[in-house]
Structure formats: structure tokens, C-alpha cells
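Asker: Going line by line, the protein sequences match chains D and Y. Using my numbering, the first residue of the first sequence is number -12, and each one after it goes up by one. Using my numbering, the first residue of the second sequence is number 10, and each one after it goes up by one. A single structure is presented below for examination.
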Amino acid sequence: AQKVIQVWSTTSRQEGEKLTLDCSYKTSQVLYHLFWYKHLLSGEMVLLIRQMPSTIAIERSGRYSVVFQKSRKSISLVISTLQPDDSGKYFCALWELDNYAQGLTFGLGTRVSVFP
Amino acid sequence: VTLLEQNPRWRLVPRGQAVNLRCILKNSQYPWMSWYQQDLQKQLQWLFTLRSPGDKEVKSLPGADYLATRVTDTELRLQVANMSQGRTLYCTCSGLQVSNERLFFGHGTKLSVL
């Protein structure tokens, strides 16, 4: 069963709109972190946001924010005022302390297309 | 600034042949090096984390067998054998901390089966 669930595999918006990408996760652990990565067309994978238990780190300056609902085990990435450069694939990922030696668990990603 | 140099970027692999991948770490601040695979269904999956020179691990997954080696403080290798389906392999690095969580990715090596 998937531990990190991104329901939408693709989505598209027009330039200037706001986009919310949803992610839900399953964990029984107390200490875990969540991440949003963007996979660029060049192949590069870029860390956007890191959500820790009570703090958030915006790793990539821009128009990114999150809506973190811990009780619902949900973290949404919000991108405001979309630009064509925001096109790419966005991955949500989970890190759990007890499984720290096993790396991150990723969702399947959501491909975003932004049209002028 | 690129933290990881990964090569080759793309390789066509004749069925039954093994291929060797290489990843070079450019910043010693992030010494924990790992391999992740992304299969044709686009699932990104952790394979190995090798922390010290001399560390070796093997793993068999659907569609490929892997042997990972941490050669030096700055070099990580991966041998991919018995590959039946294409995939992309990503090298990553992270900092010296209890957690293994803040990852930087290389550009990836895309493998296709001939």
C-alpha cells in the first residue's frame, strides 16, 4: 500500500492562477518530516519545502507555501501566480525517524502544465 | 551549484549486460550518498545509503539487480545487472546528521533496455 499518496497524476492551469497540490501520508510514528520536490525537465530534482513537526523551511524562494493538517495527515503545496516555469513534476515525500536509514518515501508525483 | 556529478546521463543497455554508473560528490558537507531508482511507472524508490568508503550492498528488485559501492569519500558506484525494464537511477547526498532526510539529487542516469 502506498504510504504517500498524490491523487492527481497530472493537472494544468493558466498562467497567473493559483494551484494547490494535495498529498496525504500514512505513518504511525511521532517524529517525521515531509518534503515537496520539483522534478525539472532537465532531470534535476529540486527541494522546495521541508515541513518539520512544528516548523517549516522554505528551501527555494518563490511563490510556494503549504497547508499542513497534521491531524488529517495531509500536506498541500500551494503555488501562487503560476508561471510557465512552474511546469514540471512535483513529488511529495515522507521521512520517518525510525526508518531514517531507508531514505525518503515518495509519492508518484503530479505533473503540472502551465499555459500562457 | 551542482553538488553531484552523475554519469552517464543516458545509456542503452543490451539485454543481459551489466552497466556501471558513477556519482561524484562535489561538497563534503553532504557526505551521506544514496541511490534511488525511478521505474517506468515513475515510482521513486530508495535503494541504498552508503556512508563510508568500502561499504557495499546488494539488492534485487523487480526488473534489475544492484550492487552499490562507496569507493571513496567522494565517489559512489552502482552496477546494474539483469535489467529487464528501463529505469532512471538518481544519486543523492545529504548531511551528517541522525536523519537522512534533506536530499540533493544528481541529474539522474536513464537506462533503456535494448
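Here a beta-carbon is modelled for each residue, glycine too, at the ideal position from N, C-alpha and C.
Could you have a look at D/SER(-1) and say whether DSSP puts it in helix, strand or coil?
Answerer: Three-state result, D/SER(-1): strand.
Asker: Under 7 Å, Cβ to Cβ, is there at least one residue of chain D near Y/LYS68?
Answerer: Cβ-Cβ to chain D under 7 Å: no for Y/LYS68.
Asker: Please classify D/VAL124 as buried or exposed, where buried requires at least 16 neighbouring CB atoms within 10 angstroms.
Answerer: Nothing about residue 124 of chain D can be reported from this structure: the residues present for chain D run from -12 to 103 only.
Asker: How close, in whole Å, do the beta carbons of Y/LEU56 and Y/CYS32 come, if the pair is a contact with beta carbons under 8 Å?
Answerer: Not confirmed; about 12 Å, so no contact.
Asker: List in chain order: all unbroken beta strand (DSSP E) runs of 3+ residues lying wholly within the stretch 51 to 88 of chain D.
Answerer: Those beta strand (DSSP E) runs which fall completely within the stretch 51 to 88 of chain D and span 3+ residues are 51 to 56, 61 to 66 and 75 to 83.
Asker: Considering only C-alpha positions, which residue in the set D/ARG59, D/ILE36, D/SER58 and D/SER63 is nearest to Y/LEU112?
Answerer: Minimum Cα distance to Y/LEU112 is reached at D/ILE36.
Asker: Can the beta-carbon of D/LYS13 be found closer than 7 Å to that of D/LYS(-10)?
Answerer: Yes; because the gap between Cβ atoms is below 7 Å, this pair is in contact.
Asker: Quick one: does Y/ASN109 have its CB under 7 Å from some CB of chain D?
Answerer: In this prediction, Y/ASN109 has a pLDDT of 48, which is less than 50 and means its spatial position is unreliable; what the coordinates show is noted afterwards. Output row for Y/ASN109: interface = yes.
Asker: Let me check understanding here. Comparing Cα to Cα, which of D/LEU81, D/LEU64 and D/GLY94 lies closest to D/ASP73?
Answerer: If we check each option's Cα against that of D/ASP73, D/LEU64 comes out closest.
Asker: How should D/LYS76 be labelled, buried or exposed, when 16 other C-beta atoms within 10 angstroms of its C-beta is the threshold for buried?
Answerer: So D/LYS76 ends up on the buried side.
Asker: Measure the alpha-carbon distance for Y/LYS65 versus Y/GLU84 and round it to whole angstroms.
Answerer: If you take the alpha carbons of Y/LYS65 and Y/GLU84, they lie about 13 Å apart.
Asker: At the 7 Å Cβ level, is D/PHE55 part of the contact set with chain Y, yes or no?
Answerer: So, not an interface residue.
Asker: Would D/MET39 count as contacting chain Y if we go by Cβ distances under 7 Å?
Answerer: It does not: the Cβ of D/MET39 has no partner Cβ on chain Y nearer than 7 Å.
Asker: Just to make sure I have the definition right: I need the residues of chain Y whose C-beta is within less than 9 Å of the C-beta of D/GLN16. Which are they?
Answerer: The premise fails here: D/GLN16 is roughly 12 Å from chain Y at the closest Cβ pair, so nothing lies under 9 Å.
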